[in-house]
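Asks: These protein sequence lines are chains U and X, in that order.
Take the first sequence: its letter number 756 is residue 755 in numbering that gives the first Met the number 0, and every next letter is one higher.
Take the second sequence: its letter number 135 is residue 134 in numbering that gives the first Met the number 0, and every next letter is one higher.
Sharing a structure with you now.
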Amino acid sequence: MDKNLFRYIWRHSRRDQLIVCAVVLASLPFYFLSLDLPRRIVNEAIQGRAFEGGQRTVTFLDLSFDLPAFLGGGTVTLFDGFEVGRYGLLYGLSAIFLLLVMVNGGFKYVINIAKGALGERMLRRIRFDLFNLILRFTPEALRHVRPAEAATIVKDEVEPIGGFVGDAFILPAFLGTQALTALFFIMVQSFWLGLMALGVIALQFTVIPRLRRELLRLGRERQLASRRLAGRVSEVLEGMELVQVHNAYAWERAEIGHRLFHIFDLRFRIYKRKFMVKFLNNFLAQFTPFLFYAVGGYFALQGTLSIGQLVAVIAAYRELPPPLKELIDWDQQRLDVQVKWDQIVQFFSGDRLMPPEQEAKAAVAIGAGVLAAGTLSVTGLRVADGHGDAIIKDADFSLQLPAHLALVSDGTAAASALARILGRRAVEHQGRVDIGGLELSALTPALTGRHLGYVGLDPILFPGTLRDNLAYGLRARPVASAGEDPRLAARRIAEAARTGNPIESVSDEWIDFAALGVSDADELDARFLDLLRMLGLEEDLYRFGLSGTIDVKRHPHLAERIIEARRVLRARMEEAGLRGLIEPFDPTRYNAQASVGENILFGVPTDRDLTGRAMASHPGLRAALDADDLTDALVDMGVSIAGTMTEIFRGLPTGHPLFEQFSFIGADELPEFEQILRRRSRRNRGGLTEVDRAKLLSLALFYIEPRHRLGLLDDTMRRKLVAARRTVHLTLEATGEHGVEFYDVERVCVAAPLRDNLLFGRVNHTAANAQAQVVSLLTQIVDEMHLKADVERVGLDHEVGPGGRLLTAQQRAAVHLARALVKRPDLLVLDGALAPFGPARARELCRVLRDAMADRTLVVVVPSAADAEGFPARVYFEAGQARLETDDTGLLPPGRSDEDGRGQPALEEQDGRRIGVRV
Amino acid sequence: MTLDTEVQSLRQVPMFRDIDPSRLKLLAFTSERVQFASGQRFFSQGDAADAAYVILEGGAEVLLGTPAGEIKVAEMGANALVGEMGILSDTPRSATIVAKGTTVALRIDKRVFLELLTQFPQMSIAVMRELAKRLERTNAQLAAAQSAA
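Below you can see the structure in the form of structure tokens.
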């Protein structure tokens with residue numbers, strides 16, 4: 000990126016800047032005309048100066064002008080104009096005035112839009128360029144970069160720069176011209192007075208920037224302090240566990256408080272300085288008229304200057320300060336953004352960045368195949384840690400690939416350091432690491448991204464589904480268009496081209512199925528499932544699937560099967576005499592196991608306003624309850640519930656676990672409900688406000704008779720609630736709000752999880768051990784109907800949460816590992832990736848992975864020599880020296896040579912049990 | 000049957016007799032009402048103790064596992080408290096309880112019960128008093144048995 004902001008702006012927006020300039024220029028004549036017109040209307044039309052000669056009419060709108068002498072003189076007439084009277088002239092001129100107002104407004108509109116677009120485009124370009132720089136941070140630099148700081152740079156710090164871009168060149172050009180014109184006029188009137196004005200301006204332009212230097216320094220400091228504040232806040236947020244565990248609240252508060260004080264102090268000093276400069280500036284601007292009055296007056300009294308001239312000079316000077324002031328303001332802004340820019344450019348200094356990614360397709364062609372079957376040779380490798388101490392002092396060995404290589408850790412970082420180099424996660428080292436004669440670090444990302452896999456200790460997951468995360472490594476470039484609307488696409492691409500942004504769309508198909516050896520997304524899903532099962536996630540996937548929702552459009556077949564399974568389950572329960580374990584959803588019957596609210600909706604809310612307590616305030620629902628005369632009864636139910644709750648939970652301290660688990664009412668709400676009850680008893684319902692009623696209603700909506708056992712529902716009430724379903728449906732449909740997906744025994748309820756869809760009812764919790772019996776029966780039926788894989792596929796839609804926090808450590812590690820395996824890399828490096836599984840499971844997984852990577856290279860960092868057992872090649876580290884040992888039996892797993900290894904079936908059967916999957 | 004009738008049942012249990020009605024209501028509310036089919040097990044000998052039960056309707060048999068198979072040692076009726084020793088002493092179940100006919104019981108979760116004891120000393124004291132009484136009874140029986148021998 001350019002060090003100089005102006006050069007950057009000019010380089011990328013020259014054309015637009017010039018266009019805006021031209022439009023501004025074109026607007027000026029109209030602007031001046033509109034300034035002159037009011038005078039003409041008053042003088043010529045109203046006061047009648049145009050008719051002073053006694054004529055009854057004047058010519059209006061004659062478009063003729065005199066040619067200057069050097070063009071031969073004479074008059075050119077474009078239009079002779081109309082002959083009009085006084086009223087005609089008045090209305091004519093007024094009409095022109097109105098027209099000019101519109102024209103000027105139009106120009107202003109166009110200029111503002113153009114400037115705004117210019118600024119926004121530039122902002123987009125800057126942000127994208129910065130993001131591009133972020134992508135180029137070296138693995139080493141990443142250790143020192145705070146994510147929130149980079150984020151705040153891209154988002155906040157460039158914002159004022161974008162606002163400035165539109166004015167960067169245009170404003171100084173025009174204000175400068177205006178100021179120069181005024182100055183020229185003064186000079187013409189009186190050379191000496193002009194010179195005085197010039198002197199004061201020169202003083203302004205030398206003193207003020209000098210005073211501002213300090214301001215700039217403070218501004219720079221402030222920018223860094225705010226950036227660090229952002230970094231710190233996010234650090235605290237990420238390390239919140241530590242803060243809470245160690246009760247470090249006070250320390251963190253003090254820390255942030257101190258930072259805020261520092262920022263305040265800086266800002267305050269900036270204010271003081273800024274307004275001081277402003278004061279001085281204003282003073283100097285007013286100092287000139289003082290000189291004019293005093294000195295000019297003296298000259299006038301002396302007679303060397305006519306009073307007319309003096310008045311004209313002073314009038315002209317009036318025109319000077321506003322543009323001058325704006326010019327100085329502009330200069331201030333310029334300095335501000337330049338400082339910001341400098342700080343931003345500095346953050347992305349060259350030594351922290353990798354060289355720009357080249358789209359060198361030729362290099363890929365050279366390198367392809369090298370990773371699969373080249374010779375790995377390490378020559379004179381020397382690696383130092385962040386403090387300059389040697390981790391690997393000397394490593395020399397070579398190994399024919401493919402091979403399975405264990406890097407045996409000696410407790411130092413040596414094994415991991417070599418793994419990171421092989422996985423291209425570290426670039427700083429001495430000596431050479433070549434594969435097939437090509438230096439590893441010189442291979443292009445396109446090649447390594449496709450054929451090399453590195454899996455480190457910390458699983459990195461992006462928010463999204465399991466599937467998104469597994470497919471992350473498969474998206475090198477779009478392979479097919481998603482059929483975007485061509486008009487929209489053209490606009491998007493044109494904008495991208497104007498701002499140096501990529502023209503690829505995220506909605507395109509990015510996964511090259513053919514290159515992966517699968518025919519479509521379904522087969523890819525199957526491969527994901529195989530991998531995750533191999534890594535021991537089968538049960539988890541099944542669970543995720545049952546709690547996931549189905550996309551009926553994508554899996555129409557599954558939807559039909561679910562309805563079928565529903566029937567089978569029902570029949571099977573009937574047979575086994577377990578009928579009472581599930582209470583099915585029946586449109587004509589009250590479901591005792593569901594809450595009152597669920598019974599009224601008889602469906603799953605898709606709208607937030609119908610979920611949880613918000614339901615009690617939903618206008619549509621309330622209208623329906625009112626129509627069925629249920630509101631008062633439900634509010635009375637709420638009163639009973641509130642009464643019981645306040646009675647039995649009184650005396651429990653706030654935050655007690657029992658509150659969270661059992662009470663309808665949060666501990667902090669208890670006093671509020673006590674007040675509501677008091678208000679009610681005082682005036683027998685009349686004392687209740689609308690808010691009170693909604694609150695009480697919300698309690699009633701959560702009530703489940705068999706669970707809460709307050710004896711609040713009788714048959715009449717149940718009947719009324721069932722009848723209300725219809726009213727609710729009709730009301731919600733009438734208002735056009737489709738906030739509820741209603742239950743229908745013949746249809747899949749898209750909003751409900753798969754489990755609920757299979758059960759289509761509520762488990763009867765009053766029957767002992769009902770849940771376990773139902774789950775085991777359900778699993779049995781899913782197995783019998785061969786639905787398990789389908790359920791697991793739904794499980795691939797499971798959200799992993801930010802950073803994968805909704806998964807367990809092992810699940811995260813498995814996804815992280817599967818993501819690398821699914822690419823079928825030629826060279827896979829595992830650097831601590833198995834650690835989260837625990838030592839025993841890690842050893843088992845190691846064997847499974849070696850089978851899966853049968854004819855390809857696998858490099859694993861193992862914690863001890865015992866773990867390296869079975870690996871045909873092992874590198875041992877001792878005091879920084881690396882030593883390679885190989886078995887004579889060859890470098891591939893026992894019983895599998897390079898030739899016959901390739902033709903093996905995808906699944907290995909042993910004792911009839913699937914033990915591994917070739918990837 | 001509602002919470003209030005359950006409170007009535009709890010009141011019949013000696014261990015809970017002296018506890019405040021509002022606390023008993025809390026105990027009932029935080030407990031689950033479960034129904035066992037005839038012959039269904041409350042729990043089996045050797046299971047981890049996770050809850051105590053108060054029988055509300057129906058009855059239960061206490062079975063002890065012996066080398067010769069399970070033998071019935073006692074029978075429980077309505078308002079009997081079952082399995083409370085396990086959750087207090089944190090030991091595995093010493094016997095198997097099987098429902099005799101359709102039986103409804105109030106399941107008092109161990110965690111919740113201990114939570115309540117910690118929170119309300121009055122409840123703890125009531126439980127201690129009952130345990131002390133049982134100990135006294137056992138001592139008296141022991142003495143009677145010894146003098147008889």
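For every residue, glycine included, the Cβ atom is placed at its ideal position computed from N, Cα and C.
What's the C-alpha gap between valine 749 of chain U and leucine 757 of chain U?
Replies: Rounded to the nearest angstrom, the two C-alpha atoms are 12 Å apart.
Asks: So is serine 88 of chain X in contact with chain U if we call contact Cβ pairs under 8 Å?
Replies: Not an interface residue.
Asks: Just mark histidine 556 of chain U as buried or exposed, buried being the case when its beta carbon has 16 or more other beta carbons within 10 Å.
Replies: Flag for histidine 556 of chain U reads exposed.
Asks: Report yes or no: do the stretch 731-743 of chain U and the stretch 602-619 of chain U share at least 3 C-beta pairs separated by less than 8 Å?
Replies: Flag = yes, the stretch 731-743 of chain U and the stretch 602-619 of chain U touch.
Asks: Check the C-beta distance from valine 874 of chain U over to leucine 404 of chain U and give it rounded, since I have them as a contact under 8 Å.
Replies: Correct: roughly 7 Å between the Cβ atoms.
Asks: Note down the Cα distance separating threonine 548 of chain U from alanine 751 of chain U, rounded to an integer number of angstroms.
Replies: Approximately 6 Å, taken between the alpha carbons.
Asks: For serine 896 of chain U and glutamate 884 of chain U, what's the separation of their Cα atoms in angstroms?
Replies: With a pLDDT of 40 at serine 896 of chain U, under the threshold of 50, the modelled position of this residue cannot be trusted, and the question is left open.
Asks: For a contact defined as C-beta to C-beta under 7 Å, what are the partners of phenylalanine 15 of chain X on chain U?
Replies: The premise fails here: phenylalanine 15 of chain X is roughly 15 Å from chain U at the closest Cβ pair, so nothing lies under 7 Å.
Asks: Give the straight-line distance between the Cα atoms of glycine 889 of chain U and glycine 837 of chain U, rounded to the nearest whole angstrom.
Replies: Interpretation of glycine 889 of chain U is limited by its pLDDT of 49, a score under 50 that renders its predicted location unreliable; the figure taken from the coordinates is listed afterwards. Cα-Cα distance, rounded: 29 Å.
Asks: Assign tryptophan 340 of chain U to one of two classes, buried (16 or more other C-beta atoms within 10 Å of its C-beta) or exposed (fewer than that).
Replies: With 16 or more other Cβ atoms within 10 Å, it is buried.
Asks: With a floor of 3 residues, list each beta strand (DSSP E) that falls wholly inside the stretch 795-883 of chain U, ordered by position along the chain.
Replies: Qualifying beta strand (DSSP E) stretches, in chain order: 826-829, 856-861 and 872-877.
Asks: Considering only residues of the stretch 493-546 of chain U, which uninterrupted alpha helix (DSSP H) runs meet the minimum length of 4 residues and lie entirely inside it, listed in chain order?
Replies: Segments of the alpha helix (DSSP H) lying fully in the stretch 493-546 of chain U: 512-515, 520-533 and 537-546.
Asks: How is isoleucine 549 of chain U classed by DSSP in three states: helix, strand or coil?
Replies: It is coil, neither helix nor strand.
Asks: Would the stretch 448-465 of chain U and the stretch 381-390 of chain U be scored as touching if the rule is three or more Cβ pairs under 8 Å?
Replies: The stretch 448-465 of chain U is not in contact with the stretch 381-390 of chain U.
Asks: Got a sec, what are the start and stop residues for the beta strand (DSSP E) lysine 99 of chain X sits in?
Replies: 95-108 is the extent of the beta strand (DSSP E) around lysine 99 of chain X.
Asks: Tell me where the beta strand (DSSP E) around phenylalanine 41 of chain X begins and ends.
Replies: Its beta strand (DSSP E) spans residues 40-42.
Asks: What residue range does the beta strand (DSSP E) around glutamine 429 of chain U cover?
Replies: First-last of the beta strand (DSSP E) with glutamine 429 of chain U: 429-434.
Asks: How would you write the range of the beta strand (DSSP E) that lysine 392 of chain U sits in, first residue to last?
Replies: Lysine 392 of chain U -> beta strand (DSSP E) spans 389-399.
Asks: Using Cβ-Cβ distances below 9 Å, what residues of the stretch 577-603 of chain U are close to chain X?
Replies: Within the stretch 577-603 of chain U, the residues whose Cβ lies closer than 9 Å to some Cβ of chain X are Gly579, listed in chain order.
Asks: Within its chain, find whatever has a CB closer than 6 Å to the CB of arginine 925 of chain U; leave out the 5 residues flanking it on each side and keep chain order.
Replies: This structure does not reach residue 925 of chain U, given that chain U is present from 0 up to 918, and the question cannot be answered.
Asks: Would you decide whether histidine 11 of chain U is buried or exposed? Buried here means 16 or more other CB atoms lie within 10 Å of its CB.
Replies: Flag for histidine 11 of chain U reads buried.
Asks: Please go through the same chain and pick out, in chain order, the residues whose beta-carbon is closer than 6 Å to the beta-carbon of glycine 894 of chain U, but skip the five residues on each side of it.
Replies: Note that glycine 894 of chain U scores 40 on pLDDT, short of 50, meaning its location in the model is unreliable; the coordinates nonetheless yield the value given after this. Cβ neighbours of glycine 894 of chain U beyond the five flanking positions: none.
Asks: Could you tell me which whole beta strand (DSSP E) segments of length 3 or greater appear in the stretch 325-384 of chain U?
Replies: Listed in chain order, they are 374-383.
Asks: Can you tell me whether leucine 63 of chain X is helix, strand or coil according to DSSP?
Replies: The answer is strand: DSSP assigns leucine 63 of chain X an E or B state.
Asks: Please confirm whether phenylalanine 2 of chain X has its beta-carbon closer than 8 Å to some beta-carbon of chain U.
Replies: In the sequence as presented, phenylalanine is not what sits at residue 2 of chain X; that position holds leucine. Chain U contact via Cβ: present.
Asks: Is valine 6 of chain X close to chain U? Criterion is C-beta to C-beta, closer than 8 Å.
Replies: Chain U, which has no Cβ nearer than 8 Å to the Cβ of valine 6 of chain X, makes this no.
Asks: Counting C-beta neighbours from all protein chains within 10 Å, is the total for asparagine 138 of chain X 16 or more, i.e. buried, or is it exposed?
Replies: Counting Cβ neighbours within 10 Å, asparagine 138 of chain X comes out exposed, since fewer than 16 surround it.
Asks: What is the DSSP secondary structure of threonine 58 of chain U, counted as helix, strand or coil?
Replies: Here threonine 58 of chain U sits in strand by DSSP.
Asks: I think arginine 221 of chain U touches isoleucine 269 of chain U, with their Cβ atoms under 8 Å apart; what is that distance to the nearest whole Å?
Replies: Contact flag correct, Cβ pair sits at about 7 Å.
Asks: Got a sec: is the Cβ-Cβ distance from phenylalanine 28 of chain X to anything in chain U below 8 Å?
Replies: Output row for phenylalanine 28 of chain X: interface = yes.
Asks: Mind pulling the chain X residues with CB within less than 7 Å of isoleucine 647 of chain U?
Replies: Per Cβ cutoff of 7 Å: Ser21, Lys24, Leu25 and Phe28.
Asks: Of all Cβ atoms in chain C, is any one closer than 8 Å to the Cβ of arginine 10 of chain X?
Replies: Of the protein chains in the structure, U and X, none is chain C.
Asks: Is there at least one Cβ from chain X nearer than 8 Å to glutamine 909 of chain U's Cβ?
Replies: Only weak support is given to the placement of glutamine 909 of chain U: the predicted model assigns it a pLDDT of 39, under 50, and the question is left unresolved by the model.
Asks: With a Cβ-Cβ cutoff of 8 Å, do alanine 157 of chain X and valine 81 of chain X count as a contact?
Replies: Here chain X covers residues 0 to 148 and nothing more, so residue 157 of chain X does not appear.
Asks: Would a C-beta distance cut-off of 8 Å place aspartate 49 of chain X and lysine 132 of chain X closer than the cut-off?
Replies: Contact flag unset, no.
Asks: In or out: lysine 919 of chain U buried (at least 16 other Cβ within 10 Å) or exposed?
Replies: Nothing about residue 919 of chain U can be read from this structure; chain U reaches only from 0 to 918.
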